[in-house]
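Protein sequences, first through last, are from chains A and U. Position 24 of the first sequence, counting from 1, maps to 23 under numbering that gives the first Met the number 0, and the rest follow consecutively. Position 18 of the second sequence, counting from 1, maps to 17 under numbering that gives the first Met the number 0, and the rest follow consecutively. We put the beta carbon where it would ideally sit given N, CA and C, even for glycine. In this text, all values refer to a predicted model and were calculated from it rather than measured experimentally. First comes the structure, then the notes that go with it.
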Amino acid sequence: MTTLLDPREFRVLEGLRFAPRKSFSGKIRGERLTQKKGISIEFSDYRDYTEGDDLRHLDWNVLARLETPIMKTYRDEEDLAIHLLLDSSPSMTFGDPPKSETASKLATALGYMALSGGDALYPRRIGIKESPLPALRGRSSFVRLNALLNSPTGDPAEGASLSGALRGFANSSARTGLVVLLSDAMDPEILTAIRAIGGRGHELFLVQILSDVEIDPDLEGDLRLLDAESSSKVEITANSFALKAYRENLKKHNDAVRDATLRVGGRYAFTNSADSVEKTIKEVLKREGWVR
Amino acid sequence: MSLQNLGALTWLLPLAGIIVALYLLRMRRRDVKVPATFLWPERTEEIRANSLFQKLRFSWLMVLQLLALGLVVFALAKPQTQQRGLTGEVTVLVVDASASMGATDIEPSRFEEAKRLAKEAAMSAKPGDRVALIEAGPNPRVVFSLSNDPRSQIGKIEGMERSDAEVDIGEALRLAAALVGTEESARIVLLSDGVFEPVKDFSRGKASLVYKAIGNNDHNLAISALGVAETGQGRQVYVSVRNPSGALLSGTLNLFADGKVIDSEKITVASGKTWGKTLSAPAGANVIEAKLDAKDLLAADNYAVALANPGAALRVLLIGKGDFFLEKALSLDPRVTLDRADEVPVEERGSGAGGTYDVVVFDGVPSIPVKARGVLELGAIGPESPVIANGSVRSPNFVSAEQSKLMEGVDLEGVFIDNAQRVKPKANGQVLANGSAGPLVVVSRGDQRRVYLAFSPLQSDFPLNVSFPIFIANALDYLGGESGTGLLAIRAGQTFNVAASKSGTLKAPSGVSSEVASNGATAAVRSARQVGKYNLNIDGKQRPVYATLRSDRESSIAPEVDLELGGGSVKAVDSPMRFADFWRPLLVLCLLVLTAEWWMFARKS
Chain A
0 MTTLLDPREF
10 RVLEGLRFAP
20 RKSFSGKIRG
30 ERLTQKKGIS
40 IEFSDYRDYT
50 EGDDLRHLDW
60 NVLARLETPI
70 MKTYRDEEDL
80 AIHLLLDSSP
90 SMTFGDPPKS
100 ETASKLATAL
110 GYMALSGGDA
120 LYPRRIGIKE
130 SPLPALRGRS
140 SFVRLNALLN
150 SPTGDPAEGA
160 SLSGALRGFA
170 NSSARTGLVV
180 LLSDAMDPEI
190 LTAIRAIGGR
200 GHELFLVQIL
210 SDVEIDPDLE
220 GDLRLLDAES
230 SSKVEITANS
240 FALKAYRENL
250 KKHNDAVRDA
260 TLRVGGRYAF
270 TNSADSVEKT
280 IKEVLKREGW
290 VR
Chain U
0 MSLQNLGALT
10 WLLPLAGIIV
20 ALYLLRMRRR
30 DVKVPATFLW
40 PERTEEIRAN
50 SLFQKLRFSW
60 LMVLQLLALG
70 LVVFALAKPQ
80 TQQRGLTGEV
90 TVLVVDASAS
100 MGATDIEPSR
110 FEEAKRLAKE
120 AAMSAKPGDR
130 VALIEAGPNP
140 RVVFSLSNDP
150 RSQIGKIEGM
160 ERSDAEVDIG
170 EALRLAAALV
180 GTEESARIVL
190 LSDGVFEPVK
200 DFSRGKASLV
210 YKAIGNNDHN
220 LAISALGVAE
230 TGQGRQVYVS
240 VRNPSGALLS
250 GTLNLFADGK
260 VIDSEKITVA
270 SGKTWGKTLS
280 APAGANVIEA
290 KLDAKDLLAA
300 DNYAVALANP
310 GAALRVLLIG
320 KGDFFLEKAL
330 SLDPRVTLDR
340 ADEVPVEERG
350 SGAGGTYDVV
360 VFDGVPSIPV
370 KARGVLELGA
380 IGPESPVIAN
390 GSVRSPNFVS
400 AEQSKLMEGV
410 DLEGVFIDNA
420 QRVKPKANGQ
430 VLANGSAGPL
440 VVVSRGDQRR
450 VYLAFSPLQS
460 DFPLNVSFPI
470 FIANALDYLG
480 GESGTGLLAI
490 RAGQTFNVAA
500 SKSGTLKAPS
510 GVSSEVASNG
520 ATAAVRSARQ
530 VGKYNLNIDG
540 KQRPVYATLR
550 SDRESSIAPE
560 VDLELGGGSV
570 KAVDSPMRFA
580 DFWRPLLVLC
590 LLVLTAEWWM
600 FARKS
């Protein structure tokens, strides 16, 4: 099996798990503690006995001493739904290395981490015509995940923008959970999509991946710019004024994306497509507490 | 403001249309695929066009180019503004440096006022203007030629000097017209009081003529005559004082004989009248001076001198067909008053005393008996000549000359004579120079002195020889009788020659000495410009020279408002208008606009 990651990067991922701020109810028992009181061995609290309670959790010592039936409660362990959304729109093909390559590597790493943590991983490539996979669980599912991320992207979804695809995801019946979005966020409507995902109850982890093509474009002269994802065209004279205005707009856009993400209770990270996965994991995700 | 080339404006619309049309052309841009276009500003600068038309969009480059075009077209239309000032684009200032400009009705004098105006004009010249200045003195001279160097020009104006002489303004104006008469925008500015004879043969050409009158008063008394005459009652001195002004004026007239006062009288002269007096001259007095002490405006004509010695002044009559060289040589002698005629006037013919002329010169025409003291015969023989004609000879050579006063400094060796008279000397004739075919120069003494030259000067290259004026001066000395006192009376400003083997000095009445250069035989004296007594120190001998102004015209110092110049009338103007070209600043502005346009283009491309 060929993977996008090398063994050293797998070692970095060992023992790491996503650390969402929210708690989500799981479908099946998993390895993740929830706020829901359950029957696992993790003690949580005491409460008064009510009729019908399982007597196995009655604290007999307290009953003997105080003659009052007190029930011990335990935290439940459930699986977490992690939606791994990989932006595969045409704009991700820019950069050196291409943003799509960096995003795929990062998706492989994060997917592996989710599978290792016993979470339900829902990988999905957005921006292309592709049917979503069912939930993957356990390390054994890494093969399928790897196959998905290694497979060539299909044709771009006609007329579907990144924001449209995200809104479509938000409006779907997807299980509420952690949404990990790996994208360049190069869509003027991305803020609406972020708000939609947050409004649906998901916790959004957004990793914005940009390349030097976007950060410091090397353009000169009188140009007609063709949008990679739409039919939009812009005529510019690429001089110092135009480049300065572009950089200002890019900064405003990135700031707006970050603010929108934080406002819906999510997390935001920025990375260059030239940065390694190891660096992104260690210096961004671990340091900022995305994973533990 | 006016436009000299209005037609240039018709180019504005077509050229502006071309520029706008170029901006209507749509630019063909290079297609570049980018991840997203929404972050790029719609910012286009149409600096290159190579496609078909598009909607005209506002562009600062186009605005600047249209502005530059407008400035160029406007400059080509040659706009002019009207300004006050003496100078124009090309100006020749003619400064009158005559005696009347010494009048002090404008402090310190009219001449100084003219210099001040000339300096102002030089300083007010704009970049690109050219100014020249001609000093209209006894000999007009270009003080500085057409240039724009105010500092140097002002220094040269400071160095200008007036002379107590009549000047030929016409000559100065002709010189100015020769300098700028062919230029359309040229201007000749005459700074003068207008006190000169009407100028007839003058054409200003394409140049305009501006006359700036200087002076505002005419109060002046002038010694109009002073002379010594032998009469039946003995030697008499006559003197007259004229009042050419419009007011009654008075003063004190003092007469001196050899420096001693012989008469002093307070006089009052009515407007336009002349006061005169005759008195006996002291016996043996050589120099009679008259000094007028009056509160008038011109001092130069308050001094006059008359020399009692008969050789001190010579009236010469030239009979002939005209010889410029001979006339010039005769005029160089300060004592000579020259008249010219085709034949001898009846009253001068005959023999004995009583003639008007001291010397009669026959140039190439047969001589006849005259009453003059001396006769100079140049290639001419008459009944009283010291020679007898014996045919003619071609190309005789000079052989020898006698040692004599007449031939002193005269070298006939090498003189080419085309045709000469073959003569024999009469008994009273003394041969002073011999040629290969007989005598060349013969003299005779007696009641009447005669000098005979065997050829007419125009039949030879003698007039081109340095010996010619010396020969004429020696002949005049011989014929008129030398002034034993060595005194000279000249008109102030007159250039005269004296015999001098080496350079000497001329000491002015003010005490300032100037050098008089000699060519080895003669020295030309040019620096006696003011009236008064000079001392000429030549070859170790002191020779008094009396310079006077005797000019009724210069003494009539009333400034003229209307001048007769070249057959037309020119009115004096206070402050003439000038049209100043405006195209230079426009072109500079255009250059700045184009620089801004280039800078903007460089920034946007």
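| Asked | Found |
| --- | --- |
| Identify the contact partners of residue 591(U) in chain A, using a Cβ-Cβ distance below 9 Å as the criterion. | None at all; the shortest Cβ gap to chain A is about 23 Å. |
| Between residue 100(A) and chain U, is any beta-carbon pair separated by less than 8 Å? | no |
| Taking the alpha carbon of residue 243(U) as the reference point, which residue from 557(U), 591(U), 360(U) has its own alpha carbon closest? | 557(U) |
| Only counting runs of 3 or more residues, tell me where the beta strand (DSSP E) segments fall wholly within the segment 210 to 256 of chain U, in order along the chain. | 221 to 230, 233 to 241, 248 to 256 |
| Quick one: give me the first and last residue of the beta strand (DSSP E) that residue 362(U) is part of. | 358 to 362 |
| Could you say if the segment 84 to 96 of chain A and the segment 217 to 235 of chain A meet the contact criterion of at least three C-beta pairs nearer than 8 Å? | yes |
| For residue 187(U), which beta-bridge partners are listed by DSSP? | 91(U), 208(U) |
| Taking residue 227(A) as the query, report the chain U residues whose CB atoms sit under 8 Å from its CB, ordered along the chain. | 32, 33, 34, 35 |
| With 8 Å set as the bound, which would you pick, yes or no: does the beta-carbon of residue 41(U) sit closer than that to a beta-carbon of chain A? | yes |
| Listed from N- to C-terminal order along the chain, which residues in the segment 204 to 222 of chain A have their beta-carbon within a distance smaller than 9 Å of any beta-carbon of chain U? | 209, 210, 212, 213, 216, 218, 220, 221, 222 |
| Fully enclosed by the segment 38 to 123 of chain A, which beta strand (DSSP E) runs are 3 residues long or longer? | 69 to 77, 80 to 86 |
| Quick one: does residue 38(U) have its CB under 8 Å from some CB of chain A? | yes |
| Taking the runs of the alpha helix (DSSP H) that are 4 residues or longer, which of them lie wholly in the segment 547 to 576 of chain U? | 551 to 554 |
| Closest to residue 238(U) by C-alpha separation, out of 459(U), 280(U), 214(U), would be which residue? | 280(U) |
| With distances taken between CB atoms, is the gap from residue 487(U) to residue 333(U) smaller than 8 Å? | yes |
| Which residues, in order along the segment 244 to 263 of chain A, keep a beta-carbon less than 8 Å from a beta-carbon of chain U? | 244, 245, 248, 249, 252 |
| From the DSSP secondary-structure annotation, give me the bridge partner or partners of residue 395(U). | Bridge partners of residue 395(U): none, in fact. |
| What residues match up with residue 235(A) in a beta bridge as DSSP calls it? | 222(A) |
| If we ignore side chains and look at the alpha-carbon of each, how far apart do residue 140(A) and residue 112(A) end up? | 12 Å |
| Could you tell me whether the Cβ atoms of residue 379(U) and residue 363(U) are closer together than 8 Å? | yes |
| Per the contact definition of three or more C-beta pairs closer than 8 Å, is the segment 288 to 296 of chain U in contact with the segment 419 to 431 of chain U? | no |
| Can you pull the chain A neighbours of residue 28(U), defined as C-beta to C-beta under 7 Å? | 221, 222, 223, 234 |
| Give the residues from the segment 172 to 201 of chain A that approach chain U closer than 8 Å (Cβ to any Cβ), ordered along the chain. | 183, 185, 186, 187 |
| Need the endpoints of the alpha helix (DSSP H) that residue 137(U) sits in, please. | No alpha helix (DSSP H) contains residue 137(U), which DSSP labels as neither H nor E. |
| Over what stretch of residues does the alpha helix (DSSP H) that includes residue 172(U) continue unbroken? | 168 to 179 |
| DSSP beta-bridge partners for residue 269(A)? | 207(A) |
| Is residue 277(A) helix, strand or coil by DSSP? | helix |
| In the segment 310 to 392 of chain U, which residue ranges form an unbroken alpha helix (DSSP H) of at least 4 residues, counting only runs that do not cross its ends? | 323 to 330 |
| Alpha carbons only, please: which of 133(U), 24(U), 12(U), 77(U) is nearest the one belonging to residue 0(U)? | 77(U) |
| Just verifying my parser: in three-state terms, what is the DSSP assignment at residue 587(U)? | helix |
| Can you pull out the residues from the segment 79 to 99 of chain A whose beta carbon lies closer than 7 Å to at least one beta carbon of chain U? | 90, 93 |
| Looking at the unbroken beta strand (DSSP E) that takes in residue 424(U), where does it start and where does it end? | 418 to 424 |
| Buried or exposed for residue 338(A), going by 16 or more other Cβ atoms inside 10 Å? | The structure shown does not extend to residue 338(A), since chain A is modelled only from 0 to 291, so the question has no answer here. |
| Answer with buried or exposed for residue 614(U), where buried requires no fewer than 16 other C-beta atoms within 10 angstroms of its C-beta. | In this structure chain U extends from 0 to 604, so residue 614(U) is not present and cannot be described. |
| If the cut is a Cβ gap below 8 Å, which residues of chain U does residue 231(A) touch? | 36, 37 |
| Residue 17(U) lies in the alpha helix (DSSP H); which residues open and close that run? | 11 to 23 |
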